[in-house]
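Chains as they are written, first to last, in the working numbering: chain L, 1 to 202; chain C, 203 to 404; chain S, 405 to 606; chain B, 607 to 808.
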């Protein structure tokens, strides 16, 4: 079985909706087991045992929610220390309003999440424009569900956004299935001791 | 007189329209002289003699147009070497289609332009949400004119986008007027010789 | 009096050292009052009453510390809603180790902080290469104190880093003094009601 | 055979050195054919026929060289239009001096290159800290060869940098070999016609 772990946080439920749809998409790929966890529930063992990690966040003032950031520090950063993220597959999604009509910072927010994955040595699945639903949820780095219009009128999570999310989940599950259990990335580095790294953090 | 220099490039004319509107906005501030130049026309002397530099570009595959990049290398990077950008005021704008409904990379494109200004030690004027027209042209880093819809139907440059652009130009002109001729940023660094910097470029 | 507010968080004390040095630099500018607060202490009134805001963070897995992010959400995002950040002056700094020898993500970390300021409509002071100490603490967006070497050997906060930090603080205080009390940025936008914005967050 | 295409540009030869080392690393993986091209030589057919694309650039004022940007516009953007990049594997590298001691913008430069790949729907290979040589050439997004020190003293491309580059090339070749010829990413989207996209560019 390929294991896909989706970690998210939500305030009003929009990000949860998109997370569930991504989970359904991943689950639609044969041989895939899906775990869906809120940020505060996800443990190091959850991440250790996944083949793919998908992280989603509401936009909070142009970057990811601090609850997601806490998960990255408490879980991902610890597994980075011990090189336990290397070679896993990753992807991201965000949710936010449409005021400004140009993403309102979703690119930097997604890059903050992807940067945590890149630090871990993960392989990143982006979002092709061939994805159904791309027209309305297509940040190229990952799905962005724009839950409001330019006058902040509510759009919620529409069927077209869900279409993109479903396929993003399925894409990631398929790539993880191909790469699972293969140890493709060089591991020969004599890194500084973990004690040293911890000691001189800032 | 405060001098505001606007440098842009354009393919179909949309970015030129926005550049002209920004020029009008800057010109509306008393005591402001405005220079409007295409990227290939703008010289080191143009930039040397400006108090504020505004750079605008069409989106070309998620970053600024290579013609703008050439201007940055041939003009701005040279004046960075000789510390002639320090303390000038800067701002940016971009134009691009709406496919994906979330900016299509305009944030990273604007940050690439702002990074060239930050390297020069410039003071950056962002775009407040109090700006008229912000709803449809409000990337917080600068104006983004979204010239197409989610199905790529043409929107062109609308009056609301022009409103935001006009005020962005005026905002920058006002800040430049306040800061003009004041030497506010420390200049005590004994930098490496220019010959050295040039010699070991990559 | 010009008021400069410095908000930071720290784990082992390195970021606090740099914050104090920035405070000293700001204080060296005549007529400047300086407030130094840890992230959890800083209130909306602290930010409301400042002319310049300087935010600093340790690097935590390639972006700012979640305690800083919490401050941005609880304080800055709320004052963004009510347009109370517009026209203030801003700057940033980070601290992190040297493993990798190329910043380890300090650029994206600083941009996340600056993005919160840009969203608020703030005017951003970058770090010119003319700044004393730039050679060893010169991220162009703001000061970066690299507290460890490539093998993670401890460097701590050196005198040269403090030199850059001192001048960054003074630079920002001088710009804030020039712009204080002037209402230079357009405020004519009829924004969506705050209730509407809150209602459709994600 | 798996085909790995490396596209670069160079001024003084440092980026070429790193490109050649990456080529050697890719070639060390059995069954891999490697193409090494300068940006102006690389054609649409070169990119069409590769399984993995690796793009490298000298830093030019905080983003990639305009010659690389021209390649992205003339080749990659055209193949994005026709969805011919989807599912290919990608990676990046940069070269630049050490003035400032924190990357001097190599993160945003690498993200500009990766953004062009993400737009194309490519799968991105990052750089784990387990990579030999990571200590001195380890930007997590890709290899960064820091060719100068903090006082701009020449470092050139050292053996340790080459070690990281070699393994980056090999890593990417191995991932490309696993994913080659598999069509893992959804292709169901009815995109706007290419004529429409071209017509309303900016």
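Where is the CB? At the ideal position from N, CA and C, for every residue including glycine.
For clarity, every value in this text was computed on a predicted model and none was experimentally measured.
Going along the chain, which residues of its own chain have a beta-carbon closer than 8 angstroms to the beta-carbon of residue 357(C), five neighbours each way excluded? 300, 348, 349, 350 and 351.
Is residue 66(L) close to chain S, meaning its C-beta is less than 8 angstroms from at least one C-beta of that chain? Answer yes: the Cβ-Cβ gap between residue 66(L) and chain S drops below 8 angstroms somewhere.
Compare the C-alpha of residue 613(B) against each of 675(B), 607(B), 668(B) and 783(B) and name the closest. Nearest neighbour of residue 613(B) by Cα position, chosen from 675(B), 607(B), 668(B) and 783(B), turns out to be 675(B).
For the stretch 165-177 of chain L and the stretch 127-134 of chain L, state whether three or more C-beta atom pairs, one from each stretch, are separated by less than 8 angstroms. Yes, since at least three Cβ pairs between the stretch 165-177 of chain L and the stretch 127-134 of chain L fall closer than 8 angstroms, the two stretches touch.
Excluding the 5 residues flanking residue 464(S) on each side, which residues of the same chain have their C-beta closer than 8 angstroms to its C-beta? Taken in chain order, the residues that qualify are 470.
What are the start and end residues of the beta strand (DSSP E) that includes residue 702(B)? From DSSP, the beta strand (DSSP E) with residue 702(B) extends over 695-702.
Mind reading off the beta-carbon distance from residue 315(C) to residue 259(C)? Whole number of angstroms is fine, and I expect it under 8 angstroms. The distance from the Cβ of residue 315(C) to that of residue 259(C) is about 7 angstroms, consistent with a contact at the 8 angstroms cut-off.
Between 531(S), 444(S), 579(S) and 574(S), which has its C-alpha nearest residue 547(S)'s C-alpha? It is 531(S) whose Cα lies nearest to the Cα of residue 547(S).
Sequence-distant residues of its chain with Cβ nearer than 6 angstroms to residue 63(L) (five each side left out): 109 and 112, listed in sequence order.
Alpha carbon of residue 645(B) to alpha carbon of residue 677(B), nearest angstrom: Their backbone Cα atoms lie some 6 angstroms apart in a straight line.
Run down chain C in chain order and give the residues with a C-beta less than 7 angstroms from the C-beta of residue 526(S). What residue 526(S) touches in chain C, judged by beta-carbon distance under 7 angstroms, is 328, going in chain order.
Strictly by DSSP, which residues pair up with residue 240(C)? Its beta-bridge partners are 210(C).
Name the two residues that bound the continuous beta strand (DSSP E) containing residue 188(L). Judged by DSSP secondary structure, residue 188(L) falls outside any beta strand (DSSP E); it is assigned neither H nor E.
In angstroms with no decimal places, state the Cα-to-Cα distance between residue 221(C) and residue 41(L). Each residue's alpha carbon lies about 50 angstroms from the other.
Along chain B, in chain order, which residues have C-beta atoms closer than 8 angstroms to that of residue 278(C)? Those within 8 angstroms of residue 278(C) in chain B are 667.
What is the DSSP secondary structure of residue 328(C), reduced to helix, strand or coil? Residue state, collapsed to three classes: coil.
So if I threshold CB-CB distances at 8 angstroms, which residues from the stretch 533-546 of chain S count as touching chain B? Listed in sequence order: 533, 538, 539, 540, 541, 542, 543 and 544.
Can you say whether residue 405(S) is buried or exposed, counting buried as having 16 or more other CB atoms within 10 angstroms of its CB? The residue in question, residue 405(S), is exposed, as its Cβ has fewer than 16 Cβ neighbours within 10 Å.
To which residues does DSSP link residue 57(L) through a beta bridge? DSSP links residue 57(L) through a beta bridge to 94(L).
To the nearest angstrom, how far is the alpha carbon of residue 321(C) from that of residue 286(C)? Spanning the two alpha carbons is a distance of roughly 11 angstroms.
Residues sharing a beta bridge with residue 767(B), DSSP: Looking at the DSSP assignment, residue 767(B) forms no beta bridge with any residue, so it has no partner.
Using a Cβ-Cβ cutoff of 7 angstroms, what residues of the stretch 748-782 of chain B are near chain S? List them in chain order. For the stretch 748-782 of chain B, which is checked against every Cβ of chain S, the residues closer than 7 angstroms are 750, 752, 756 and 757.
Contact between the stretch 783-791 of chain B and the stretch 170-182 of chain L (3+ Cβ pairs under 8 angstroms): The answer is yes - the stretch 170-182 of chain L touches the stretch 783-791 of chain B, with three or more Cβ pairs under 8 angstroms.
Return the first residue and the last residue of the alpha helix (DSSP H) that residue 519(S) is part of. Looking at the DSSP string, the run of the alpha helix (DSSP H) that includes residue 519(S) is 510-523.
Looking at the structure shown, is residue 29(L) part of a helix, part of a strand, or coil, going by DSSP? When DSSP states are grouped into helix, strand and coil, residue 29(L) belongs to the coil group.
Looking at the C-beta of residue 490(S), does it have a partner C-beta in chain C at a distance below 8 angstroms? For residue 490(S), the nearest CB of chain C lies under 8 angstroms from its own CB, placing it at the interface with that chain.
Measuring only between beta-carbons, confirm whether residue 18(L) sits less than 8 angstroms from chain B. It does not; no Cβ of chain B falls within 8 angstroms.
With DSSP collapsed to three states, give me the class of residue 370(C). Three-state result, residue 370(C): helix.
Just the C-alpha distance for residue 698(B) and residue 254(C), rounded to the nearest angstrom, thanks. Looking at the backbone, the Cα of residue 698(B) and that of residue 254(C) are separated by about 34 angstroms.
Is any beta-carbon of chain S found at less than 8 angstroms from that of residue 806(B)? A caution first: residue 806(B) carries a pLDDT of 48, below 50, which makes its placement in the model unreliable, though a value can still be read off. Put simply, the CB of residue 806(B) is far from chain S, with every gap to its CB atoms at 8 angstroms or more.
Close Cβ partners of residue 453(S) (< 7 angstroms) along its chain, the five nearest in sequence each way excluded: Answer for residue 453(S): 407, listed in chain order.
Candidates 125(L), 170(L), 94(L) and 76(L), of which the one nearest residue 157(L) by Cα: In terms of CA proximity to residue 157(L), 94(L) leads the group 125(L), 170(L), 94(L) and 76(L).
Under 8 angstroms between the Cβ atoms of residue 372(C) and residue 236(C)? Taking a C-beta distance under 8 angstroms as the contact criterion, residue 372(C) and residue 236(C) do not qualify as a contact pair.
Closest Cα partner of residue 362(C) within the set 44(L), 185(L), 100(L) and 26(L): The shortest Cα separation from residue 362(C) among 44(L), 185(L), 100(L) and 26(L) belongs to 100(L).
Beta carbons nearer than 9 angstroms to chain B: which residues of the stretch 503-515 of chain S have them? Listed by position along the chain: 503, 504, 505, 506, 507, 508, 509, 510, 511, 512 and 515.
Alpha carbons only, please: which of 420(S), 459(S), 418(S) and 435(S) is nearest the one belonging to residue 409(S)? Nearest C-alpha to residue 409(S): 459(S).
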